[in-house]
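Working notes for the structure below.
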Amino acid sequence: MSIAVIAGLGNPGSKYRHTRHNIGFEVIEALADRLGAKWKAQAKFESEIAETTHGAQRLLLVKPQTFMNNSGRALGALMRYRRLDPENLLLIFDDITLDLARCKLSLTGSAGGHNGVADMLSQLGPGFGRFRVGVGAKPHKSMDLADYVLSQFSTEERKLLAEQMPTYVAHLLRIIDSDFDTAMNTINQRNASEHERNQNQNL
Numbered sequence: 004m005s006i007a008v009i010a011g012l013g014n015p016g017s018k019y020r021h022t023r024h025n026i027g028f029e030v031i032e033a034l035a036d037r038l039g040a041k042w043k044a045q046a047k048f049e050s051e052i053a054e055t056t057h058g059a060q061r062l063l064l065v066k067p068q069t070f071m072n073n074s075g076r077a078l079g080a081l082m083r084y085r086r087l088d089p090e091n092l093l094l095i096f097d098d099i100t101l102d103l104a105r106c107k108l109s110l111t112g113s114a115g116g117h118n119g120v121a122d123m124l125s126q127l128g129p130g131f132g133r134f135r136v137g138v139g140a141k142p143h144k145s146m147d148l149a150d151y152v153l154s155q156f157s158t159e160e161r162k163l164l165a166e167q168m169p170t171y172v173a174h175l176l177r178i179i180d181s182d183f184d185t186a187m188n189t190i191n192q193r194n195a196s197e198h199e200r201n202q203n204q205n206l
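Right, dumping it as structure tokens:
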């Protein structure tokens, strides 16, 4: 698959910065900084978009501004306008089934309870790449999921994520540079922790 669009999911507005649900925004912003790309608001696609290149590959970096649950509306409009297939899209988003700061690359699967991914599937169908960044599981099973993903990272958690950010960017560049399966094998080579195995069994 040839990646032409890389989108990070999140919610717009300062009140949502540094929340677990916005890690997709943070990672795509780090990639834009690495590539020297500048963000511009494009109302037609309800998104902030940065056009850039990596090697010979032209890229669109995207932050949908529709709020998480309508991410597919913005990205679907952009992909249709550009006449691109789902296989040309890589989506970056938070995953509560992965330990904090862990990342995984995948191509198939359900939305796993993630409303942004669910909207993408409804608007585009399957086939897009998924770069999932772990934000950790809820500390208590009774805690409301929305409250958890909209909560701020602690200082220690933010430090760990900041340390991992260059690795996320390197992984994204690897996905662009190599075939998807090779990149997936490299990125996913660490065995899942016991916590992650238990979470996956409950999906």
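Each residue of the sequence shown is one higher than the one before, starting from 4 at the first, in my numbering. All C-beta atoms in this analysis are idealised placements derived from N, C-alpha and C, irrespective of residue type, glycine included. Values in this document were obtained by computation on a predicted structure and should not be read as measured data.
Opening and closing residue of the beta strand (DSSP E) in which residue i lies
i    : result
L127 : From DSSP, L127 is part of no beta strand (DSSP E) but of the alpha helix (DSSP H) over N118 to L127.
F134 : G132 to G137
F96  : L92 to D98
I9   : V8 to G11
Contacts around residue i, its chain only, beta-carbon distance under 6 Å, and the 5 residues preceding and following it disregarded
i    : result
F131 : P89, L92 and L94
A10  : V65, L78 and L94
I179 : I6, H57 and Q60
V172 : A33, L34 and R37
Three-way DSSP call (helix, strand, coil) for residue i in this model
i    : result
L34  : helix
N203 : Since pLDDT at N203 reaches only 45, below the 50 mark, its modelled position is unreliable, and the value read off the structure follows with that caveat. Reduced to three states, the DSSP call for N203 is helix.
S109 : strand
K43  : strand
L63  : strand
E197 : With a pLDDT of 45 at E197, under the threshold of 50, the modelled position of that residue is not reliable, and the figure given next carries that caveat. Reduced to three states, the DSSP call for E197 is helix.
S17  : helix
Local Cβ density within 10 Å of residue i, reported as buried at 16 or more and exposed below that
i    : result
Y84  : exposed
L148 : exposed
M123 : buried
K43  : exposed
E49  : buried
G27  : buried
A35  : buried
P129 : exposed
R135 : buried
M146 : exposed
L127 : buried
Q155 : exposed
A40  : buried
For residue i, the first and last residue of its enclosing alpha helix (DSSP H)
i    : result
S74  : S74 to Y84
K162 : T158 to D180
Closest by C-alpha distance to residue i, when choosing among the options
i    : options                 : result
N14  : M82, N25, Q126 and S50  : N25
Y151 : R135, D98, I52 and A114 : D98
E29  : K107, A40 and L12       : L12
Y19  : D184, L153 and T158     : L153
Q45  : L81, S17, T22 and L164  : L81
Cβ neighbours of residue i in the same chain (closer than 7 Å, five flanking residues each side left out)
i    : result
R177 : A186 and T189
S125 : G75
L63  : A7, V8, I52 and E54
Residues near residue i in its chain [Cβ-Cβ closer than 8 Å; skip 5 each side]
i    : result
C106 : F134, R135, V136, G137, Q167, T170, Y171, H174 and I190
F70  : N14 and P15
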